[in-house]
Amino acid sequence: MSVALALAGIGFLLSWLLPNHYAPWASFWQDVSAALGLMALWALSILCSARNIRVSWLSLGAALVAVVPLIQWACGQVYFFGDAVIVCLYLIGFSLAVATPTFSPAEAELIIEPLVIACIAACVLSVGLAISQWLNIGRTSIFFVDMPPNARPYANLAQPNQLATLLLLGVVGALWSLQKEWIGRFGAGLAIAWFCFGIAVTQSRSAWAGMAVLVIWLLVVQRRANIKIGRVAIAVVGGHFFLFVLAWPTLCDWLFLSANRSLADQAKAGVRVPLWAAMLDAIGREPWIGYGWNQVSVAQFKVADAHAPINQWFEDAHNLIIELFVTNGVLVGGLIAVSLTLWLWRHLYACKDAASALALGGILVVGVHAMFEFPLDYAYFLLPTGLLAGLVEGRSTPRKSIVLPRVLVIVVGVVAATLLARVVYEYLEVEKRHRDMRFEMAGFGPSFDQSNAIQLRLLTQFDEISNFAKSRAVRNMSQEQLDEMKKMAERFGFPPVLFRYALAAGLNGDPATAERTLNVLCRVHAVELCVEGVTAWHAMAQGDYPELRAVKVPDLKGEIQMTPLQIFRPSIPAPP
Numbered sequence: 001m002s003v004a005l006a007l008a009g010i011g012f013l014l015s016w017l018l019p020n021h022y023a024p025w026a027s028f029w030q031d032v033s034a035a036l037g038l039m040a041l042w043a044l045s046i047l048c049s050a051r052n053i054r055v056s057w058l059s060l061g062a063a064l065v066a067v068v069p070l071i072q073w074a075c076g077q078v079y080f081f082g083d084a085v086i087v088c089l090y091l092i093g094f095s096l097a098v099a100t101p102t103f104s105p106a107e108a109e110l111i112i113e114p115l116v117i118a119c120i121a122a123c124v125l126s127v128g129l130a131i132s133q134w135l136n137i138g139r140t141s142i143f144f145v146d147m148p149p150n151a152r153p154y155a156n157l158a159q160p161n162q163l164a165t166l167l168l169l170g171v172v173g174a175l176w177s178l179q180k181e182w183i184g185r186f187g188a189g190l191a192i193a194w195f196c197f198g199i200a201v202t203q204s205r206s207a208w209a210g211m212a213v214l215v216i217w218l219l220v221v222q223r224r225a226n227i228k229i230g231r232v233a234i235a236v237v238g239g240h241f242f243l244f245v246l247a248w249p250t251l252c253d254w255l256f257l258s259a260n261r262s263l264a265d266q267a268k269a270g271v272r273v274p275l276w277a278a279m280l281d282a283i284g285r286e287p288w289i290g291y292g293w294n295q296v297s298v299a300q301f302k303v304a305d306a307h308a309p310i311n312q313w314f315e316d317a318h319n320l321i322i323e324l325f326v327t328n329g330v331l332v333g334g335l336i337a338v339s340l341t342l343w344l345w346r347h348l349y350a351c352k353d354a355a356s357a358l359a360l361g362g363i364l365v366v367g368v369h370a371m372f373e374f375p376l377d378y379a380y381f382l383l384p385t386g387l388l389a390g391l392v393e394g395r396s397t398p399r400k401s402i403v404l405p406r407v408l409v410i411v412v413g414v415v416a417a418t419l420l421a422r423v424v425y426e427y428l429e430v431e432k433r434h435r436d437m438r439f440e441m442a443g444f445g446p447s448f449d450q451s452n453a454i455q456l457r458l459l460t461q462f463d464e465i466s467n468f469a470k471s472r473a474v475r476n477m478s479q480e481q482l483d484e485m486k487k488m489a490e491r492f493g494f495p496p497v498l499f500r501y502a503l504a505a506g507l508n509g510d511p512a513t514a515e516r517t518l519n520v521l522c523r524v525h526a527v528e529l530c531v532e533g534v535t536a537w538h539a540m541a542q543g544d545y546p547e548l549r550a551v552k553v554p555d556l557k558g559e560i561q562m563t564p565l566q567i568f569r570p571s572i573p574a575p576p
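Note that UniProt numbering gives residue 526 to position 526 of the sequence shown, counting from 1, and the numbers run on in steps of one.
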């Protein structure tokens, strides 16, 4: 038992501390670490379970929803099988995470302990890493994620808001430790102060809302759940946090360091409001079936030319409810959203013990973040959230669950573990292909030979990316080739992909599609990339490709013309 608990703790700890965020899947190894941590806890809970296992409706519901992306792929709504498979695996992982603490309710808190300890340890170290990044110390270390100049510190999570959410979970973990008497009040206060300072370092706005909701929840439930920290102390924690936030710009001035952005800048809406407006428009265009799981970028492509430039490409809607509607339509998405809301409300209302109260506090923290971004895209937040939900379920009334044969649960877990192993095996090949392809495109090494490569059966989207990277926009392309390029442009709307598809349309007698695609490029990417693309287009139209003159390009409105750079050169076809 102790070995399984230790392995689980190490898995979750590494998921928050590993520094290797590399293309083409920046969070892959962190997510795998979290999945391995979950598998250790799952195996332990199976060993402790009875012959028949109690499974909550939340877990079963997640397993049923996991089938939806596969159905969407079979119907052609999700373009690539690999996209559907990955979403399916993440949802199955969430289902297993919710189920794991309920297999043996008597051991539920023991199963959660490695997660709590790993979270606290990761938070302590992450604050140190964030301070080092802020002070520009240790930038050459292989154990640090390199931080660009004038960026906000993010430790090894590589995203400031994610670090802030992890630290809020650390606050919950410190309160859990106090409740279990692992540490005293002084130790808990010191840890919480350290974590709050770390959140201030990130300058995360979503953390403001997360801390406010957490404090309000603890104030409401403190007496009912018999939480050891008093209401005055809870209020002090909240005030302590916001004091750090207010004092941060002054502290940076004293140390002659940049605060990156002022409080006024942090109060601005940013790109979220226009993104949400665009996504609501997309929902209105496909209200019943949506666009499919993992297809938010497709929705953005469909509506981008009807909205003001956002100058940023998105793969999620930055709001959980909107995301569910975009990916599933208002019927299925609405059913999922209402079910999750009712589940949360029922447990908030019925909560009467400290363990459930603190677990719900952690769920609220991640849930608030999910209203502004999408932390649940990442297994290192999705799976811990599922475990916390499972703990709450395990302490609720038995009538809210069903009983399944133990062997069935074992089969599901073994199949999930096997698929995970296959994904890891294939991703090693994907990394190699990506590395070789980058060397080839940079002019180093021989041409990448894919004939002897491992066949990708699950991660098929990376096959499509590799094939597209070798393709060229030329005259006399078949309709099938153009359709494949269109799918790539909609799903993976990077500047070279959009530019190449626009070229293909322009060279094959479809100036309207070329014009629209260039407009999308200029609305979802930085102005500099728009200028670069339009400049390259003009140069080609005045050269060997006069048919491109029929395409009305976006108006640069006096922007400085830039020489076409390397980013678009691979898209330019060779002269006939």
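Virtual Cβ for every residue (Gly too), placed ideally from N, Cα, C.
Backbone secondary structure at residue 46 - three-state DSSP: By 1-based counting over the sequence shown, the position of residue 46 is 46. Residue 46 falls in the helix class under three-state DSSP.
Suppose contacts are defined by Cβ-Cβ distances below 8 Å. Is residue 98 in contact with residue 47 by that definition? Position 98 of the sequence shown, counting from 1, holds the residue named residue 98. Position 47 of the sequence shown, counting from 1, holds the residue named residue 47. No. Outside cutoff.
(request) Check whether the segment 495–504 touches the segment 472–485, counting contact only when three or more Cβ pairs, one atom from each stretch, lie closer than 8 Å. (result) yes
Original post:
What is the DSSP secondary structure of residue 27, reduced to helix, strand or coil?
Top reply: Working through the sequence shown from its first residue, we reach residue 27 at position 27. Coil, per DSSP.
The segment 297–304 in contact with the segment 517–527 per 3-pair CB rule at 8 Å
yes
How big is the Cα-Cα spacing for residue 211 and residue 224? Position 211 of the sequence shown, counted from the first residue, corresponds to residue 211. Position 224 of the sequence shown, counted from the first residue, corresponds to residue 224. C-alpha separation (whole angstroms): 20 Å.
Buried or exposed: residue 485, going by 16 or more other Cβ atoms within 10 Å of its Cβ? The count along the sequence shown starts at 1 and reaches residue 485 at position 485. Buried, because 16 or more other Cβ atoms sit within 10 Å of the Cβ of residue 485.
Going by DSSP, what residue range makes up the alpha helix (DSSP H) through residue 183? Start at 1 with the first residue of the sequence shown, and residue 183 comes out as number 183. First-last for residue 183: undefined, no H or E at that position.
query = In chain order, which continuous runs of the alpha helix (DSSP H) of length 4 or greater are located wholly inside the segment 286–362?
reply = 296–303, 320–350
Would residue 277 pass as a contact of residue 307 if the rule is Cβ separation under 8 Å? Residue numbering aside, residue 277 sits at position 277 when the sequence shown is read from its first letter. Residue numbering aside, residue 307 sits at position 307 when the sequence shown is read from its first letter. Yes, they are a contact pair.
Quiz item: Does the Cβ-Cβ distance between residue 78 and residue 292 come in under 8 Å?
Solution: On the sequence shown, position 78 is the one that residue 78 refers to. On the sequence shown, position 292 is the one that residue 292 refers to. A contact, by the Cβ cut-off of 8 Å.
Kindly indicate the opening and closing residues of the alpha helix (DSSP H) around residue 20. By 1-based counting over the sequence shown, the position of residue 20 is 20. Taken as a continuous stretch (DSSP letters only), residue 20 belongs to no alpha helix (DSSP H), as it is neither H nor E.
**OP:** Return yes when at least one heavy atom of the ligand MG lies under 7 Å from the C-beta of residue 330, else no.
**Re:** Judged by which ligands are present, the structure shown has none, so any question about the ligand MG falls away.
Could you work out which residue in 539, 478, 88 is closest to residue 509 when comparing CA atoms only? To locate residue 509, count along the sequence shown from 1; it is residue 509. Checked all of 539, 478, 88; the closest Cα to residue 509 is 478.
Handout entry: From 534, 549, 535, residue whose alpha carbon lies closest to that of residue 541
Key = Start at 1 with the first residue of the sequence shown, and residue 541 comes out as number 541. Here the closest residue by C-alpha is 549.
Rounding to the nearest angstrom, what Cα-Cα distance links residue 5 and residue 180 in this structure? Residue numbering aside, residue 5 sits at position 5 when the sequence shown is read from its first letter. Residue numbering aside, residue 180 sits at position 180 when the sequence shown is read from its first letter. Those two C-alpha atoms are separated by around 17 Å.
_I'd like to know if the segment 485–500 and the segment 108–117 are in contact, where contact means that at least 3 CB-CB pairs between them fall below 8 Å._
no
Note to self: Relative to the C-alpha of residue 536, which candidate in 466, 553, 109 has its C-alpha closest?
What the structure shows: Taking the sequence shown and counting its residues from 1, one reaches residue 536 at position 536. Nearest C-alpha to residue 536: 553.
Which of the three DSSP states is assigned to residue 234 in this structure?
Taking the first residue of the sequence shown as position 1, residue 234 is located at position 234. Three-state result, residue 234: helix.
For residue 125 and residue 133, I'd like the C-alpha separation in whole angstroms. Start at 1 with the first residue of the sequence shown, and residue 125 comes out as number 125. Start at 1 with the first residue of the sequence shown, and residue 133 comes out as number 133. Approximately 12 Å between the Cα atoms of the pair.
*asked:* Quick check: the Cα distance between residue 251 and residue 369, rounded to an integer number of angstroms?
replied: Sequence index remark: in the sequence shown, residue 251 carries index 251 (1-based). Sequence index remark: in the sequence shown, residue 369 carries index 369 (1-based). Computed Cα separation, rounded: 26 Å.
- Task: May I ask you to verify whether the segment 165–185 touches the segment 355–369, counting CB pairs closer than 8 Å and requiring at least 3?
- Result: yes
message: Which residue wins for smallest C-alpha separation from residue 347, given the options 331, 392, 387?
response: Taking the first residue of the sequence shown as position 1, residue 347 is located at position 347. Per the Cα distances, 392.
- Task: Just the C-alpha distance for residue 122 and residue 555, rounded to the nearest angstrom, thanks.
- Result: Start at 1 with the first residue of the sequence shown, and residue 122 comes out as number 122. Start at 1 with the first residue of the sequence shown, and residue 555 comes out as number 555. One C-alpha to the other measures close to 49 Å.
If you follow the alpha helix (DSSP H) that residue 71 is in, where does it begin and where does it stop? In the sequence shown, residue 71 corresponds to position 71, counting from 1. Run containing residue 71: 68–74, per the alpha helix (DSSP H) assignment.
*asked:* Once DSSP output is grouped into helix, strand and coil, what is the label at residue 54?
replied: The count along the sequence shown starts at 1 and reaches residue 54 at position 54. The answer is strand: DSSP assigns residue 54 an E or B state.
- Exposure of residue 524, with buried meaning 16 or more beta-carbon neighbours within 10 Å: Indexing the sequence shown from 1 puts residue 524 at position 524. Buried.
| query | What span of residues does the alpha helix (DSSP H) with residue 503 cover, start to end? | reply | Within the sequence shown, numbered from 1, the residue matching residue 503 stands at position 503. From DSSP, the alpha helix (DSSP H) with residue 503 extends over 495–507.
TODO: Would you grab the beta carbon distance between residue 422 and residue 456 for me? Rounded to a whole angstrom, and I think it's under 8 Å.
DONE: The residue labelled residue 422 in the question sits at position 422 within the sequence shown. The residue labelled residue 456 in the question sits at position 456 within the sequence shown. 10 Å between Cβ atoms; not a contact.
Limits of the unbroken alpha helix (DSSP H) element including residue 90:
Mapped onto the sequence shown, residue 90 falls at position 90. Looking at the DSSP string, the run of the alpha helix (DSSP H) that includes residue 90 is 81–99.
*asked:* I'd like to know whether the C-beta atoms of residue 87 and residue 294 end up nearer to each other than 8 Å.
replied: Indexing the sequence shown from 1 puts residue 87 at position 87. Indexing the sequence shown from 1 puts residue 294 at position 294. A contact, by the Cβ cut-off of 8 Å.
- Message: I need the DSSP call for residue 275, collapsed to helix, strand or coil.
- Response: Sequence index remark: in the sequence shown, residue 275 carries index 275 (1-based). Three-state result, residue 275: helix.
inquiry  = Using C-beta distances below 8 Å, list every residue in its chain close to residue 273, excluding the 5 sequence neighbours before and after it, in chain order.
reply    = The residue given as residue 273 occupies position 273 in the sequence shown. Cβ neighbours of residue 273 beyond the five flanking positions: none.
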